[in-house]
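Residue numbers (the numbering used here): 632 to 793. We put the CB at the ideal spot given by N, CA and C, even for glycine. The next block holds one structure in the form of structure tokens; read it before the comments.
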Amino acid sequence: MRRISSAVHIHSSVDRVWSVLTDFERFHEWNPFLVEAAGRAEPGARLSLRFRLPGNGREMVFRPTVLESEPGRLLRWRGRLGVPGLFDGVHSFELNPRDGGTHVVQTERFSGLLVPFADSVITPSEQGFRHLTDALKIRAESAGARGVPGEAGAGRSLQGDL
632 MRRISSAVHI
642 HSSVDRVWSV
652 LTDFERFHEW
662 NPFLVEAAGR
672 AEPGARLSLR
682 FRLPGNGREM
692 VFRPTVLESE
702 PGRLLRWRGR
712 LGVPGLFDGV
722 HSFELNPRDG
732 GTHVVQTERF
742 SGLLVPFADS
752 VITPSEQGFR
762 HLTDALKIRA
772 ESAGARGVPG
782 EAGAGRSLQG
792 DL
């Protein structure tokens, strides 16, 4: 098993951060790592996520299943390459109110037979995580970001059964 993680403190409410994080149809506007997303942030839903690896620009699409979605607190999904146990990843975003803002921790736990041979994807993903959390901070703190009603509009997940 291998774990990567990135954390950031955002000077916005958990509701606003959650709204930006689950407004999948707008990822292309701000997210340098998950450059395209579709689906619903609800347990059992399938997502379609296209990510771009930093450095080489290589893009990959995966279709994880949402495991947990607790608005303003937790979003977790699992993606697999082929059959279970070959190359699995459980990705999560944890949001915690702290110091007048939101502390966000993004984590992925990789497991499976191919993990020892997947450095070409996992290592650049660590940098991609940092880029994503930094961009999430900028987006959630900016006045132009879609967010919670009363905080520059409302964002919602894009529908799709993939």
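Going by the beta-carbon positions, is the gap between W649 and G710 smaller than 8 Å?
For W649 and G710, no; Cβs fall outside 8 Å.
Determine whether the beta carbon atoms of S756 and I641 lie at a separation below 8 Å.
Not closer than 8 Å, so no.
Measure the Cβ-Cβ separation of V794 and A669 and say whether it is below 8 Å.
Residue 794 cannot be examined here, being either before or after the span of the chain that is shown, 632 to 793.
Give me, in chain order, the residues of the same chain whose beta-carbon lies closer than 8 Å to that of L745; leave out the 5 immediate sequence neighbours on both sides.
Same-chain partners within the cutoff: L712, L717, F718.
Taking a contact to mean a Cβ-Cβ separation below 8 Å, would you say R677 touches V666 in this structure?
No, these two residues do not count as a Cβ contact at 8 Å.
Nearest-angstrom Cα distance between V721 and F760?
V721 and F760: Cα-Cα distance of roughly 14 Å.
What are the residues that DSSP puts in a beta bridge with M691?
DSSP output for M691 lists F682 as bridge partner(s).
Looking at C-alpha atoms only, which residue of S751, E701, G732, A749 is the closest neighbour of E772?
The shortest C-alpha separation from E772 is found at G732.
Figure out for me which residue from V639, R633, M632 has the closest Cα to the Cα of V736.
The shortest Cα separation from V736 among V639, R633, M632 belongs to V639.
Closest to H762 by CA distance: which of F664, E690, R657 is it?
The option with the nearest alpha carbon to H762 is F664.
Answer with buried or exposed for F748, where buried requires no fewer than 16 other C-beta atoms within 10 angstroms of its C-beta.
Result: exposed.
Going by the DSSP bridge assignment, what does D719 pair with across the sheet?
BP columns for D719 point to R711, S742.
When you compare only the Cα positions, how much space is there between R633 and S742?
Cα-Cα distance, rounded: 7 Å.
Would you say V651 and P728 are within 8 Å of each other, going by their C-beta atoms?
Contact flag unset, no.
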